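Working notes, structure below.
Numbering (full-length UniProt numbering), first residue to last: 1 to 323.
Shown next, in the form of structure tokens:
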């Protein structure tokens with residue numbers, strides 16, 4: 001149900017007025033334990049989950065992005081720091097269920113990304129390169145895709161399954177049962193788990209092939225490492241912040257590649273649909289070639305970005321035997 005207001009303002013404005021910003025993790029002192037740092041972070045993400053879910057229900061722009069981010073960060077924290085949690089079955093269930101919701105959100109978000117990139121691509125082309133009713137075909141295609149993705153996401157958010165997951169997460173965050181390692185100083189215990197995740201990224205890069213799937217796999221591990229390290233930022237300070245900035249640049253570059261891949265898939269569907277309807281597929285083929293060229297350009301930029309990310313100045317704080 002939409003917000004009921006006394007003034008003629010749209011739902012985006014109403015939501016901004018009535019919903020507070022999701023809080024940052026609570027400030028932690030120098031003696032904070034690993035369990036306190038993890039719990040503070042999960043509480044902040046719980047609030048972000050709740051706020052972004054409400055935003056989606058009111059059709060706020062970019063709400064799907066915010067929800068996907070909150071889902072992913074919560075899941076990353078639970079995965080990386082699961083040894084700190086006593087109830088391992090609960091952690092497994094939460095991770096699996098958040099993965100399920102994340103997939104539902106991704107369908108909506110991927111459609112939004114593809115639509116924006118393809119529309120921008122059409123805007124940049126000269127009119128003589130628009131063969132056939134390309135804008136109409138794009139609009140009709142994404143109207144169908146958006147409707148299907150939106151319906152699936154709404155069904156997921158309204159389901160007893162999500163209600164149960166949200167309830168279990170709230171109960172855990174309010175009264176967490178933690179293990180003995182959670183009582184150790186956050187500044188040392190959290191690094192143990194971040195190092196393990198960093199090693200996964202190093203291994204993923206070593207094994208990476210230059211295919212779209214290979215780079216996407218590295219992207220997921222890099223993103224997971226960054227989100228895991230966010231838990232430690234309040235207690236580690238500037239060193240973790242510098243590392244986060246470098247990882248974010250790597251993640252953004254890999255994200256550019258994946259956006260080209262997602263848009264390329266949509267363009268393939270548009271091309272097939274146009275030709276199947278007796279229309280020219282020339283314009284969509286042209287845009288597809290541009291997306292592949294962008295993806296290839298990202299591949300050439302990745303080695304330098306990786307070398308900069310993994311400089312000792314950015315990773316020495318992890319105190320790992322890599323150098």
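Here a beta-carbon is modelled for each residue, glycine too, at the ideal position from N, C-alpha and C. These numbers come from a predicted model, not from an experiment.
With respect to the C-alpha of residue 201, the residue from 227, 159 and 36 having the closest C-alpha is 227. Unbroken alpha helix (DSSP H) stretches of 4 residues or longer found wholly inside the region 72-132: 88-124, given in chain order. Here the region 32-49 does not lie against the region 140-154, with fewer than 3 beta-carbon pairs under 8 angstroms apart.
Going by DSSP, residue 296 is part of the alpha helix (DSSP H) stretching over 282-309. Secondary structure note for residue 42: its alpha helix (DSSP H) is the uninterrupted segment 34-57.
Selection 295, 175 and 94 evaluated against residue 263 yields 295 as nearest (Cα-Cα). Each residue's CA atom was taken as its position, placing residue 110 and residue 196 some 30 angstroms apart.
Between the alpha carbons of residue 290 and residue 133 lies a distance of about 20 angstroms. A Cβ-Cβ separation of about 5 angstroms places residue 34 in contact with residue 182 under the 8 angstroms criterion. Taking a contact as a CB-CB distance under 8 angstroms, the pair residue 49 and residue 105 does not count as one, their CB atoms being some 11 angstroms apart. Per DSSP, the continuous alpha helix (DSSP H) segment holding residue 196 begins and ends at 186-207. In this structure, residue 222 sits away from residue 190, with a CB-CB distance that is not shorter than 8 angstroms.
In the DSSP annotation of this structure, residue 237 is not part of any alpha helix (DSSP H), being labelled neither H nor E. Beta-bridge pairing by DSSP links residue 178 to 85. Put simply, the backbone Cα of residue 39 is about 16 angstroms away from that of residue 188. Counting the other CB atoms within 10 Å of its CB gives residue 74 a total of 16 or more, which places it among the buried residues.
For residue 30, there is no enclosing alpha helix (DSSP H), as DSSP marks it with neither H nor E. Shown here, residue 167 sits in a helix according to DSSP, grouped into three states. Nearest in C-alpha terms to residue 316, of all of 239, 279 and 287, is 239. Shortest Cα-Cα distance from residue 86 to any of 305, 120, 64 and 175 involves 175. The C-alpha of residue 208 is placed about 5 angstroms away from the C-alpha of residue 214.
Beta-carbon to beta-carbon, residue 186 and residue 37 are separated by about 4 angstroms, close enough to satisfy the 8 angstroms threshold.
Taking C-beta separations shorter than 6 angstroms and ignoring five residues to either side along the sequence, the partners of residue 80 in its chain run 193, 197 and 228, following chain order.
Note on geometry: alpha-carbon atoms of residue 62 and residue 314 lie some 31 angstroms from one another. Fewer than three Cβ pairs drawn from the region 265-283 and the region 303-310 lie within less than 8 angstroms of each other, which leaves the two stretches out of contact.
Contact between residue 168 and residue 254 is ruled out by a C-beta separation of about 32 angstroms, above the 8 angstroms threshold. According to the DSSP assignment, residue 183 belongs to no alpha helix (DSSP H), since it is labelled neither H nor E. Each of 257, 236 and 57 was checked against the Cα of residue 158, and the nearest Cα belongs to 57.
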